[in-house]
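Participant: Per this note's numbering, the sequence shown starts with residue 4, numbered consecutively.
Glycine included, each C-beta is placed from N, C-alpha and C at the ideal position.
Pasting a structure below so you can have a look.
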Amino acid sequence: MKKQKNFTTRKFCKKGDSVLRPHWYCDSVFTIPYDELYARGIRALIYDIDNTLAGYDDALPPPRTLELFDRLREKGFTVGLLSNNTHERLRGFNQHIQLPGFAPAGKPFTTTLTRLMRVMGATKRETALIGDQLFTDVWCGRRAGICAILVKPLTDKDVLWVRIKRRLERVVLKRIL
Ligand SMILES: [Mg+2]
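Written out as structure tokens, the structure reads:
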């Protein structure tokens, strides 16, 4: 498989690496090398929702995302959802797929992530958290000591607060990748 330019294949960050440094950085949830993750022992994939799996305006998972979930389950992964958006957002998004999930998750705090991992029966070593934001998703995963995967945001449409954070993210990403 062709490696992307800004793709990092390090399984564990080195001591002294920024706690914001993702273990992997991929173009989207569709280009994550899931076979390699599986080979490295990852079995539980926990996804952020907004701008990771779907745009803010997508009330339901897009067909492409549903196909991805089917493929992942066939490979032997379990899939969960962890969103900082409202409980209503998660309930609507999750109504047909019924994945284990929590919202609001309070990322980068790890309490809800840990709760979800317990529900999914997943240990730290076999869990990856996948999301589009450094200061919530990646930091949360790193703090919890699990594999943290950053993807580029699906759309450039963000709420105001996230737009502000994006500017800061760009600065930090340049420094740590
Ligand atoms: Mg997001």
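(1) Is the CB-CB distance between glycine 144 and leucine 116 below 9 Å?
(2) Compare the C-alpha of methionine 120 against each of Pro107, Pro103, Lys110, Gln136 and name the closest.
(3) Taking threonine 55 as the reference, give the member of Pro107, Arg76, Gln136 with the closest Cα.
(4) Is the region 142–160 touching the region 69–81 in the sense that three or more CB pairs, one from each, lie closer than 8 Å?
(5) Tell me where the alpha helix (DSSP H) around alanine 2 begins and ends.
(6) List the endpoints of the continuous alpha helix (DSSP H) containing alanine 42.
(7) Could you check if glutamate 39 is buried or exposed, using at least 16 other CB atoms within 10 Å of its CB as the buried criterion?
(8) State the Cα-Cα distance for the pair lysine 127 and aspartate 161, rounded to the nearest angstrom.
(9) Please work out which residues of its chain come closer than 6 Å, Cβ to Cβ, to threonine 130, disregarding the five sequence neighbours upstream and downstream, and give them in chain order.
(10) Under 8 Å Cβ to Cβ from valine 32, same chain only, skipping five residues before and after it: list those, please.
(11) Out of curiosity, what's the CA-to-CA distance linking arginine 173 and aspartate 140?
(12) Ignoring anything shorter than 4 residues or poking outside the region 14–99, list the alpha helix (DSSP H) runs there in chain order.
(13) Ligand 1 and asparagine 54: does any heavy atom of the ligand fall closer than 8 Å to the residue's C-beta?
(14) If you draw a straight line from the alpha carbon of glycine 44 to that of lysine 78, how long is it in whole angstroms?
(15) Buried or exposed for isoleucine 35, going by 16 or more other Cβ atoms inside 10 Å?
Facilitator: Concretely, from the data shown:
(1) yes
(2) Pro103
(3) Gln136
(4) no
(5) Only positions 4 to 180 of the chain appear in this structure, which leaves residue 2 out of reach.
(6) 37–42
(7) exposed
(8) 30 Å
(9) Ala47, Met120, Ile149
(10) Tyr50, Thr55, Leu56, Thr68, Leu71, Ile133, Val154
(11) 15 Å
(12) 37–42, 66–78, 90–96
(13) yes
(14) 12 Å
(15) buried
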